[in-house]
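Enquirer: Numbering (my numbering), first residue to last: 5 to 440.
What follows is a structure written as structure tokens; I'll ask about it next.
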Amino acid sequence: MKRNDVSDVMVKIVSLCKRRGYIFQSSEIYDGLASCWDYGPLGVELKRNIKGLWWRAMTQLRSDIEGLDASIMMHPNVWEASGHLKGFTDLLADCKDCKHRFKVTETQENRTCPDCGGELTEARHFNLMFKTHMGPVEKKGTIIYLRPETAQGIYVNFLNVQAVSRRKLPFGIAQIGKAFRNEITPGNFIFRTREFEQMEMQYFVKKNEAEEWLESWKEERMRWYHTLGIKASALRLHKHTQDELPHYASCAYDIEHKFPFGWQELEGIHNRTDYDLTRHSKHSGKDLSYFETESKERFIPYIIETSAGVDRTLLACLTDAYAEEEDRVVLRLSPQIAPIKVGIFPLVKRDGMPEIAQKIEETLRPHFKVFYDEVSSVGRRYRRQDEIGTPYCVTVDSETLKNNTVTLRERDSMIQIRLRINEVIEKAKKLIGGEI
Ligand code: ATP
Numbered sequence: 005m006k007r008n009d010v011s012d013v014m015v016k017i018v019s020l021c022k023r024r025g026y027i028f029q030s031s032e033i034y035d036g037l038a039s040c041w042d043y044g045p046l047g048v049e050l051k052r053n054i055k056g057l058w059w060r061a062m063t064q065l066r067s068d069i070e071g072l073d074a075s076i077m078m079h080p081n082v083w084e085a086s087g088h089l090k091g092f093t094d095l096l097a098d099c100k101d102c103k104h105r106f107k108v109t110e111t112q113e114n115r116t117c118p119d120c121g122g123e124l125t126e127a128r129h130f131n132l133m134f135k136t137h138m139g140p141v142e143k144k145g146t147i148i149y150l151r152p153e154t155a156q157g158i159y160v161n162f163l164n165v166q167a168v169s170r171r172k173l174p175f176g177i178a179q180i181g182k183a184f185r186n187e188i189t190p191g192n193f194i195f196r197t198r199e200f201e202q203m204e205m206q207y208f209v210k211k212n213e214a215e216e217w218l219e220s221w222k223e224e225r226m227r228w229y230h231t232l233g234i235k236a237s238a239l240r241l242h243k244h245t246q247d248e249l250p251h252y253a254s255c256a257y258d259i260e261h262k263f264p265f266g267w268q269e270l271e272g273i274h275n276r277t278d279y280d281l282t283r284h285s286k287h288s289g290k291d292l293s294y295f296e297t298e299s300k301e302r303f304i305p306y307i308i309e310t311s312a313g314v315d316r317t318l319l320a321c322l323t324d325a326y327a328e329e330e331d332r333v334v335l336r337l338s339p340q341i342a343p344i345k346v347g348i349f350p351l352v353k354r355d356g357m358p359e360i361a362q363k364i365e366e367t368l369r370p371h372f373k374v375f376y377d378e379v380s381s382v383g384r385r386y387r388r389q390d391e392i393g394t395p396y397c398v399t400v401d402s403e404t405l406k407n408n409t410v411t412l413r414e415r416d417s418m419i420q421i422r423l424r425i426n427e428v429i430e431k432a433k434k435l436i437g438g439e440i
């Protein structure tokens, strides 16, 4: 795709998101806050569906993973132990003339400002964690941080969860929650923001089984993105080279998605070794080792981490689903994640059709998120639902009045079938995949 086409597609998706209530700019009436976004009525449904499927895949369909919801603010020593206070930094330089700030690399030779050509200052490290104060007095001892990843909340609760669930290795702890990073160059809509949500699972294993589990989780996580309906050709794995590895990992893969702006990371899968639990044991003075009853051995488990971004996954689903056809724009979202599952219409606003359609709406509502619409021509109503990704529409027409049948239209093929009103629920359940 040419550069112009890329920005064109993103502009169209951003505009659709705003127009149809997927995503709004944060604080828009105050001209917005850079890189912060609010999920509107449809966006929040899509987001909940994605998170719901992840939670189900991790904590319901598997018997070896427990859930957790740790607090965003943690003891400041956590970040000392994790290495974030020292190591979670970007190298920055300021322009002496226009005062703009840029991310630079250690070896970068060109030290002129890309905006005005002015001279850049010496580069210095800038920590990406947001700092704030706890309590009413702003003194050094009260500094705390907004977590830059949810993982640490899991590590510090390792023994709590293991004890109450009486788990033996291998087992995992899953968590979904907000994370904050004072990114220098946020952008590409919700791809890189300063406030975002993560879905992280930390899997505790024996050292000699770590590599095997890393391979197995890499496969399982790829399969999960396929179940979201993302095209296989738009997903790939990238194995980190030695100099790409984060400070805590001995081996890592990224799951990447082909966004309109190129291949980019969706999820990181890391062998974090015994780094985190060893560091927390040292810094807290609490023994976070595990006792294996069979071998009578005590050791610090290794951790395999799967770390995904909710917002990036949502953007991947949207960009992958977006299609322009001759006379319509359609979001080919998988029925499982689509915000609205069924649109219900009377063909015209008379002859008792609205009443029948509303009855069908009432019957479906306990099972699915549905939408009743009687405004404007039925063709326009179909287009409106296509544009927001509604996979099925049920229409009451003059034949309904004769034989109690309605049409069920499929979004992608636009094929319509006729079925009896009392068959609609079962058919929809079958097509959509259960009650979501
Ligand atoms: P990147 O290299 O893109 O900055 P990262 O390697 O720092 O990402 P991780 O620390 O591995 O990312 O975080 C795990 C996941 O959290 C990422 O794969 C991504 O989906 C999500 N994530 C990380 N930073 C952001 C951000 N600033 N905005 C949105 N999502 C993010």
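Virtual Cβ for every residue (Gly too), placed ideally from N, Cα, C.
Source: prediction; values computed, not measured.
With respect to 6 Å, is the separation between the Cβ of E311 and the closest non-hydrogen atom of the ligand ATP below this value?
Expert: Taking the first residue of the sequence shown as position 1, residue 311 is located at position 307. A small fix is needed here, since residue 311 is Ser in this sequence, not Glu. Yes, the beta carbon of S311 sits closer than 6 Å to at least one heavy atom of the ligand ATP.
Enquirer: Does M357 come out as helix, strand or coil in the three-state DSSP assignment?
Expert: Taking the first residue of the sequence shown as 1, we reach residue 357 at position 353. Helix.
Enquirer: Does I421 come out as helix, strand or coil in the three-state DSSP assignment?
Expert: To locate residue 421, count along the sequence shown from 1; it is residue 417. Of the three classes helix, strand and coil, the one that applies to I421 here is strand, per DSSP.
Enquirer: Whose C-beta lies closer than 6 Å to the C-beta of M138 among residues of the same chain, with five residues either side of it excluded?
Expert: One-based indexing of the sequence shown puts residue 138 at position 134. Contacts found: T146 and I148.
Enquirer: Which ranges would you report for the beta strand (DSSP E) in the segment 73–122 if only whole runs of at least 3 residues count?
Expert: 93–98 and 105–107
Enquirer: So is P140 buried or exposed if we call it buried at 16+ other beta carbons inside 10 Å?
Expert: The residue you call residue 140 lines up with position 136 of the sequence shown. With fewer than 16 Cβ atoms within 10 Å of its Cβ, P140 is classed as exposed.
Enquirer: Give me the Cα-Cα distance between I421 and L412, rounded to the nearest whole angstrom.
Expert: Looking up residue 421 in the sequence shown gives position 417. Looking up residue 412 in the sequence shown gives position 408. Taking the straight line from one Cα to the other gives about 5 Å.
Enquirer: Got a sec: does the ligand ATP put a non-hydrogen atom nearer than 6 Å to the Cβ of R52?
Expert: Stepping through the sequence shown from its first residue, residue 52 is reached at position 48. Answer for R52: no, Cβ out of range of the ligand ATP.
Enquirer: Could you have a look at D247 and say whether DSSP puts it in helix, strand or coil?
Expert: In the sequence shown, residue 247 corresponds to position 243, counting from 1. Note: D247 maps to helix in three-state DSSP.
Enquirer: What separation, rounded to the nearest whole angstrom, lies between the Cα atoms of Y386 and L319?
Expert: Here residue 386 is taken as the residue at index 382 of the sequence shown, counted from 1. Here residue 319 is taken as the residue at index 315 of the sequence shown, counted from 1. If I take the Cα positions, the gap works out to 24 Å.
Enquirer: Going by other Cβ atoms of all chains shown within 10 Å of its Cβ, with 16 needed for buried, is F295 buried or exposed?
Expert: Your numbering for residue 295 matches position 291 in the sequence shown. Taking all protein chains shown into account, F295 has fewer than 16 neighbouring C-beta atoms within 10 Å of its C-beta and is therefore exposed.
Enquirer: Of the choices E403, I360, L368 and I348, whose alpha-carbon is the least far from that of V382?
Expert: On the sequence shown, position 378 is the one that residue 382 refers to. With distances taken between Cα atoms, V382 lies closest to I348.
Enquirer: Taking only the alpha-carbon atoms, compute the straight-line gap between E184 and L132 and give it to the nearest angstrom.
Expert: Translated into the one-based positions of the sequence shown, residue 184 becomes position 180. Translated into the one-based positions of the sequence shown, residue 132 becomes position 128. In the sequence as presented, Glu is not what sits at residue 184; that position holds Phe. Those two C-alpha atoms are separated by around 9 Å.
Enquirer: Check for me: the beta strand (DSSP E) holding G139 runs from which residue to which?
Expert: Residue mapping note: residue 139 aligns to position 135 of the sequence shown, counting from 1. That residue, G139, is in no beta strand (DSSP E); it is neither H nor E in DSSP.
Enquirer: Quick one: is the Cβ of E271 within less than 6 Å of any heavy atom of the ligand ATP?
Expert: Position 267 of the sequence shown, counted from the start, is the residue given in the question as residue 271. It does: the Cβ of E271 is within 6 Å (strictly closer) of some heavy atom of the ligand ATP.
Enquirer: For V209 versus P174, is the C-beta spacing smaller than 7 Å?
Expert: Indexing the sequence shown from 1 puts residue 209 at position 205. Indexing the sequence shown from 1 puts residue 174 at position 170. Yes, they are a contact pair.
Enquirer: Evaluate the contact criterion for the segment 359–379 versus the segment 427–434: three or more CB pairs, one atom per stretch, below 8 Å.
Expert: yes
Enquirer: DSSP on C4, reduced to helix/strand/coil?
Expert: The requested residue 4 is not part of the displayed model; the chain covers only 5 to 440.
Enquirer: Taking 6 Å as the cut-off, does the CB of E414 come closer than this to any heavy atom belonging to the ligand ATP?
Expert: Taking the sequence shown and counting its residues from 1, one reaches residue 414 at position 410. No.
Enquirer: Work out the CA separation of K235 and F92 for me, nearest whole Å.
Expert: Numbered from 1 along the sequence shown, position 88 holds the residue referred to as residue 92. Numbered from 1 along the sequence shown, position 231 holds the residue referred to as residue 235. When rounded, the distance between both Cα atoms is 34 Å.
Enquirer: In whole angstroms, what is the alpha-carbon distance linking D416 and T323?
Expert: As a first step, residue 416 must be located in the sequence shown, where it is residue number 412. As a first step, residue 323 must be located in the sequence shown, where it is residue number 319. Cα to Cα, the separation comes out at about 16 Å.
Enquirer: Kindly identify the DSSP beta-bridge partner or partners of E233.
Expert: The residue given as residue 233 occupies position 229 in the sequence shown. In the sequence under discussion, the amino acid at residue 233 is Gly, which differs from the Glu named in the question. DSSP output for G233 lists no bridge partner at all.
Enquirer: Beta carbon of T197: closer than 6 Å to some heavy atom of the ligand ATP?
Expert: Here residue 197 corresponds to residue number 193 of the sequence shown, with the count starting at 1. Under cutoff, so the answer is yes.
Enquirer: Quick check on A127: does DSSP put it in helix, strand or coil?
Expert: Your numbering for residue 127 matches position 123 in the sequence shown. A127 carries a coil assignment under DSSP once its states are collapsed to helix, strand and coil.
Enquirer: Where do the N-terminal and C-terminal ends of the beta strand (DSSP E) with V400 fall, by residue?
Expert: Along the sequence shown, one-based indexing puts residue 400 at 396. Unbroken beta strand (DSSP E) run through V400: Y396 to V400.
Enquirer: Would DSSP call P370 helix, strand or coil?
Expert: Stepping through the sequence shown from its first residue, residue 370 is reached at position 366. In this structure, P370 counts as coil in the three-state DSSP scheme.
Enquirer: Return the chain-ordered list of same chain residues with a C-beta closer than 8 Å to the C-beta of I54, the five sequence neighbours on each side being excluded.
Expert: On the sequence shown, residue 54 is found 50 positions in, with the first residue counted as 1. Hits under 8 Å: L232, V314, T317, L318, C321 and I341.
Enquirer: Along the chain, where does the alpha helix (DSSP H) containing Y279 start, and where does it finish?
Expert: Residue 279 sits at position 275 when you count from the first residue of the sequence shown. Unbroken alpha helix (DSSP H) run through Y279: Y279 to S288.
Enquirer: Can you name the residues that DSSP bridges to M203?
Expert: Start at 1 with the first residue of the sequence shown, and residue 203 comes out as number 199. I180 and A312.
Enquirer: DSSP state of D324, grouped into three classes?
Expert: Counting from 1 along the sequence shown, the entry for residue 324 is found at position 320. Helix.
Enquirer: Relative to the C-alpha of T189, which residue among L281, L95, C102 and Q246 is closest?
Expert: Start at 1 with the first residue of the sequence shown, and residue 189 comes out as number 185. Looking at the Cα atoms, L95 is the closest of the given residues.
Enquirer: Taking DSSP's pairing of strands, which residues face D42 in a bridge?
Expert: Indexing the sequence shown from 1 puts residue 42 at position 38. In the DSSP secondary-structure assignment, D42 is bridged to F28.
Enquirer: Apart from the five residues just before and just after E219, which ones in its own chain have a Cβ nearer than 8 Å to its Cβ?
Expert: On the sequence shown, residue 219 is found 215 positions in, with the first residue counted as 1. Here the set comprises nothing.
Enquirer: What does the alpha-carbon distance come out to for the pair L423 and T409?
Expert: In the sequence shown, counting from the first residue as 1, residue 423 sits at position 419. In the sequence shown, counting from the first residue as 1, residue 409 sits at position 405. Between L423 and T409, the C-alpha separation is close to 5 Å.
Enquirer: Does Q202 have its Cβ less than 7 Å from a Cβ in chain B?
Expert: No chain B is present in this structure, which holds just one protein chain.
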